[in-house]
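Presented below is the structure to which this report refers.
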Amino acid sequence: MTHPITFSEREATPAQRQELIDKARAWSVAQGAVPGPAAEAVYARYVAGELTLQGVTDELKSFYAGQAEASNDAPAVRPPAAMRPEQPLLD
């Protein structure tokens, strides 16, 4: 049985949740981390009321853990940092 999510006053409406996501995205981009399509899909679920902020964090942590495991299996050859394009947070 699923229980409805209770949001705080600052994230009670989809518009408020979208504003929080927009601010978080801007902060990430300013730090050089551009969210990819998978992250945007998780953000959309939060805005729609399907996830809490903790749920967003959990989903992204799980995704990153999978990415880290996959990269450990990949060859270790990487171009120098100056030659790499900006990497999205999630592909």
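Per the UniProt record's numbering, the very first residue in the sequence shown carries number 1; after that it's consecutive. Every residue, glycine too, gets a C-beta built ideally from N, C-alpha and C.
Considering only C-alpha positions, which residue in the set the options is nearest to residue i?
{"i": "Ala15", "options": "Ala48, Thr57, Gln31", "result": "Ala48"}
{"i": "Tyr43", "options": "Arg17, Ala68, Gly32", "result": "Arg17"}
{"i": "Glu59", "options": "Gln31, Ala33, Ala41", "result": "Ala41"}
{"i": "Phe7", "options": "Asn72, Ser71, Glu50", "result": "Glu50"}
For my contact list, residue i and residue j are in at a C-beta cut-off of 8 Å; report their separation, rounded to the angstrom.
{"i": "Ala38", "j": "Phe63", "result": "6 Å"}
{"i": "Ile21", "j": "Thr52", "result": "The Cβ separation is near 13 Å, so there is no contact."}
{"i": "Tyr46", "j": "Val34", "result": "Contact flag wrong, Cβ pair sits at about 18 Å."}
Could you name the residues of the same chain whose beta carbon sits closer than 7 Å to that of residue i, not counting the 5 residues immediately before and after it, in chain order?
{"i": "Arg84", "result": "Any reading at Arg84 needs caution, since the residue's pLDDT is 48, under 50, leaving its predicted position unreliable; the model's value is listed next. Once the five neighbours on either side are set aside, Arg84 has no close Cβ partner at all."}
{"i": "Ala65", "result": "none"}
Identify, in the order they occur along the chain, each residue of the same chain with its Cβ nearer than 8 Å to the Cβ of residue i, setting aside the five sequence neighbours on each side.
{"i": "Arg10", "result": "Gln16, Leu20"}
{"i": "Glu69", "result": "none"}
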